[in-house]
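**Q** Residues 353 to 836 (my numbering) make up the sequence shown, in order. Can you read through this structure? Questions will come right after.
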Amino acid sequence: MNNQPSLRIGWASADITPERPAVLGGMPWARATTGVMDPLTATALALDTTDPETNVSESVIFVGCDLRGMRDELRDAVRAHLAGMLPELDPTCVVLNATHTHNAPPLGAFGIELDGMSEDEYVTFAAPRIAAAIAEAWHKRAPGGIGFGLGQAVVGRNRLIAYTHATSKMYGDTHAEHFSHVEGYEDHSVNVLCTWNQDRELTGMVVNVAAPSQVSRGTTLLSADYWHDTREALRRTLGPNLFVLPQCSAAGDQDTNVLWDKAADERMLRLAGRNRREEIAARLSQAITTILPIIEQEIDWTPVLAHDVQTVKLPRRMLHDEDLAKALADARPHRETYRKMMAGLEANPALRNDPEWLKKATRAFWNARRGETVRQRFELQQTDPTFPVEVHAVRLGDLAIVTNPFELFLDYGIRIKAHSPASQTFVVQLAGGGPAGYLPTERSVAGGAYGAVPASTNIGPEGGEKLVEWSVDAIRRLFGLEGE
353 MNNQPSLRIG WASADITPER PAVLGGMPWA RATTGVMDPL TATALALDTT
403 DPETNVSESV IFVGCDLRGM RDELRDAVRA HLAGMLPELD PTCVVLNATH
453 THNAPPLGAF GIELDGMSED EYVTFAAPRI AAAIAEAWHK RAPGGIGFGL
503 GQAVVGRNRL IAYTHATSKM YGDTHAEHFS HVEGYEDHSV NVLCTWNQDR
553 ELTGMVVNVA APSQVSRGTT LLSADYWHDT REALRRTLGP NLFVLPQCSA
603 AGDQDTNVLW DKAADERMLR LAGRNRREEI AARLSQAITT ILPIIEQEID
653 WTPVLAHDVQ TVKLPRRMLH DEDLAKALAD ARPHRETYRK MMAGLEANPA
703 LRNDPEWLKK ATRAFWNARR GETVRQRFEL QQTDPTFPVE VHAVRLGDLA
753 IVTNPFELFL DYGIRIKAHS PASQTFVVQL AGGGPAGYLP TERSVAGGAY
803 GAVPASTNIG PEGGEKLVEW SVDAIRRLFG LEGE
């Protein structure tokens with residue numbers, strides 16, 4: 353064991369809940385926050401090894417954040433703070449991901465100046481806190497071991513509903529006459545990476561599931577959503593000091609909504625005496641505690657740690673004249689509605705305080721802006737047909753972790769897992785930077801649901817294939833299988 357690289361592990365967390373009112377994105381209208389349902393947390397896991405023979409070190413730090421997305425601005429600000437706090441650390445070894453709660457920053461643009469913390473102000477607020485958690489985890493590193501395993505729990509379900517006339521719709525009505533089928537597959541995997549100290553005491557876990565955290569969306573309260581309930585449930589069972597780092601796997605076409613069996617599902621919640629968030633937490637807690645004794649049978653105290661980070665240029669989704677024409681036509685009535693409402697606001701500033709007026713005005717702006725987004729992308733593809741993204745691949749013993757910044761449709765994640773040579777592979781979306789948009793499959797593009805239309809995407813199926821290829825090739829390189 354003394355001739356093997358020793359693993360050192362450190363954990364820390366930070367509260368990143370805005371300290372004053374903010375404006376929430378995540379819905380097609382603005383919501384001014386009215387309070388806090390539960391805190392937003394950034395959880396950091398620092399891992400490093402040093403080979404005793406070569407004295408070569410390898411490090412990676414995962415940071416799971418209760419945020420709607422992980423933008424380049426926040427990532428870069430965190431890394432800039434770290435450059436001063438930990439000059440010995442390569443900032444690109446830090447991998448930040450968002451859980452995709454719709455009740456947290458980043459905030460988005462809504463065409464009206466609203467009271468509350470702006471996106472830039474939130475970056476200024478959150479970046480030093482996240483950096484401090486990373487530094488704390490780094491300084492707390494101590495010898496330990498890791499173990500990993502796979503459980504199952506129904507958390508996310510496919511949200512794209514297909515109809516007999518060859519179209520699909522996000523959150524489509526399954527009671528409609530022309531309902532045909534659910535468009536895609538579902539992934540109910542619960543991927544778990546656990547850490548122990550030298551006394552074999554459980555110190556923390558990474559939990560990776562294919563579901564954004566959006567049960568409480570639409571409210572005006574800041575919330576970590578079901579991840580808050582899940583942390584609480586796990587700590588009640590496994591100890592109050594347990595660190596839980598959340599990751600969202602490929603889930604561009606999955607979320608926590610129940611689109612069929614609604615009455616049966618609601619009845620079961622009533623009989624169980626739980627709300628949906630509590631039910632998800634119970635399912636995850638049960639899945640994790642069931643496999644934990646199995647995982648503990650094979651703790652690796654000297655795992656190989658290898659990390660590759662690249663900026664990969666993926667081909668843009670090439671838009672055609674008819675794509676632009678349709679997007680602009682769809683946006684035109686919303687742009688006119690927004691213009692009239694802003695004229696009304698100028699005449700009557702008190703309208704700003706009317707929630708219904710605010711919802712209608714910001715929704716009109718949001719829909720109008722989608723047309724302008726397509727125009728910008730159409731023009732940009734003429735001069736730059738590629739879209740650069742930061743992607744990470746990590747080997748930790750027989751485990752592989754790969755990241756991407758998209759709302760990645762499930763088929764791509766399944767393909768990466770299927771082709772990976774690792775014993776188990778975690779796919780992490782909304783990681784590394786962004787915003788990057790949805791990355792849909794060909795069948796979803798053909799169906800025309802929300803996440804597959806030009807306004808929702810920078811990258812199309814061709815780029816999805818390239819992302820899968822890079823991910824699998826990167827894992828193979830880390831496992832020494834390049835060229836085989």
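Every residue gets a Cβ at the ideal spot worked out from N, C-alpha and C, and that includes glycine.
Taking the beta carbon of Gly387 as the centre, do at least 16 other beta carbons fall within 10 Å, making it buried, or is it exposed?
**A** As a position in the sequence shown, residue 387 is number 35, starting the count at 1. Under this definition Gly387 is an exposed residue.
**Q** From the DSSP output, which residues share a beta bridge with Pro740?
**A** Taking the first residue of the sequence shown as 1, we reach residue 740 at position 388. Paired residues: Lys665.
**Q** Between Gly816 and Pro757, what straight-line distance do the alpha-carbon atoms span, to the nearest angstrom?
**A** Here residue 816 corresponds to residue number 464 of the sequence shown, with the count starting at 1. Here residue 757 corresponds to residue number 405 of the sequence shown, with the count starting at 1. When rounded, the distance between both Cα atoms is 12 Å.
**Q** Shortest alpha-carbon distance to Trp718 belongs to which of Phe462, Glu708, Met469, Ile361?
**A** By one-based count along the sequence shown, residue 718 stands at place 366. With distances taken between Cα atoms, Trp718 lies closest to Phe462.
**Q** Beta-carbon within less than 7 Å of Tyr690's beta-carbon, same chain only, minus the 5 sequence neighbours each way: which residues are those?
**A** Here residue 690 refers to the residue found at position 338 of the sequence shown. So the list reads Gly463, Ala713, Ala716, Phe717, Ala720, once near-sequence residues are dropped.
**Q** For a test of the three-state rule: what should DSSP assign to Asp367, helix, strand or coil?
**A** If you number the sequence shown from 1, residue 367 lands on position 15. Strand at Asp367.
**Q** Is Arg509 helix, strand or coil when you go by DSSP?
**A** Start at 1 with the first residue of the sequence shown, and residue 509 comes out as number 157. Strand at Arg509.
**Q** With distances taken Cα to Cα, identify the nearest neighbour of Ser573 among Gly362, Leu762, Ile766, Pro391.
**A** As a working mapping, residue 573 is identified with position 221 in the sequence shown. Note that residue 573 corresponds to Leu in the displayed sequence, not to Ser. Comparing Cα-Cα distances from Leu573 to each of Gly362, Leu762, Ile766, Pro391, the minimum goes to Pro391.
**Q** Please state whether DSSP places Ala461 in a helix, a strand or coil.
**A** What you label residue 461 is simply residue 109 of the sequence shown in a count that begins at 1. The answer is coil: DSSP assigns Ala461 none of H, G, I, E or B.
**Q** Just to confirm, is the Cβ distance from Ile827 to Ala745 under 9 Å?
**A** Taking the first residue of the sequence shown as 1, we reach residue 827 at position 475. Taking the first residue of the sequence shown as 1, we reach residue 745 at position 393. Taking 9 Å as the Cβ cut-off, Ile827 and Ala745 qualify as a contacting pair.
**Q** Can you give me the start and stop residues for the alpha helix (DSSP H) that Trp490 sits inside?
**A** Residue numbering aside, residue 490 sits at position 138 when the sequence shown is read from its first letter. It spans 471-491 - the alpha helix (DSSP H) in which Trp490 sits, taken as one unbroken run.
**Q** Starting from Trp548 and walking both ways along the beta strand (DSSP E), at which residues does that stretch end?
**A** Position 196 of the sequence shown, counted from the first residue, corresponds to residue 548. From DSSP, the beta strand (DSSP E) with Trp548 extends over 541-549.
**Q** By the DSSP assignment, the beta strand (DSSP E) with Asp673 in it spans what residues?
**A** In the sequence shown, counting from the first residue as 1, residue 673 sits at position 321. Looking at the DSSP string, Asp673 is not in any beta strand (DSSP E); the run it does join, the alpha helix (DSSP H), is 673-699.
**Q** Between which two residues does the beta strand (DSSP E) holding Ser532 run?
**A** In the sequence shown, residue 532 corresponds to position 180, counting from 1. First-last of the beta strand (DSSP E) with Ser532: 531-534.
**Q** Please say whether Leu434 and Val446 have beta carbons closer to each other than 9 Å?
**A** As a working note, residue 446 is residue 94 in the sequence shown. As a working note, residue 434 is residue 82 in the sequence shown. Yes, they are a contact pair.
**Q** Around the C-beta of Ser409, are 16 or more other C-beta atoms found within 10 angstroms, so that it is buried, or is it exposed?
**A** Stepping through the sequence shown from its first residue, residue 409 is reached at position 57. So Ser409 counts as exposed.
**Q** Once the 5 residues before and after Val567 are set aside, which same chain residues still bring their CB inside 6 Å of it?
**A** The count along the sequence shown starts at 1 and reaches residue 567 at position 215. Asp577, Tyr578, Thr608, Arg628, Arg629, listed in sequence order.
**Q** Buried or exposed for Trp612, going by 16 or more other Cβ atoms inside 10 Å?
**A** Within the sequence shown, the letter at position 260 stands for residue 612. When all chains shown are included, Trp612 counts as exposed.
**Q** Between the C-alpha atoms of Gly749 and Thr453, what's the straight-line distance to the nearest angstrom?
**A** Translated into positions along the sequence shown, residue 749 becomes position 397. Translated into positions along the sequence shown, residue 453 becomes position 101. So the alpha carbons of these two residues sit roughly 31 Å apart.
**Q** Can you give me the Cβ contacts of Glu488 inside the same chain, cut-off strictly under 7 Å, excluding the 5 residues immediately before and after it?
**A** Taking the first residue of the sequence shown as position 1, residue 488 is located at position 136. The residues are Ala364.
**Q** Since Glu759 and Gly799 should fall inside the 8 Å C-beta cutoff, what is the C-beta to C-beta distance between them, to a whole number of angstroms?
**A** Along the sequence shown, read from residue 1 onward, the residue named residue 759 stands at position 407. Along the sequence shown, read from residue 1 onward, the residue named residue 799 stands at position 447. That pair is no contact at about 16 Å.
**Q** Give the C-beta separation of Ala494 and Asn549 to the nearest angstrom, bearing in mind that I take them to be a contact with Cβ-Cβ under 8 Å.
**A** Here residue 494 refers to the residue found at position 142 when the sequence shown is read from its first residue. Here residue 549 refers to the residue found at position 197 when the sequence shown is read from its first residue. Going by Cβ atoms, the distance from Ala494 to Asn549 rounds to 6 Å, so yes, they are a contact pair.
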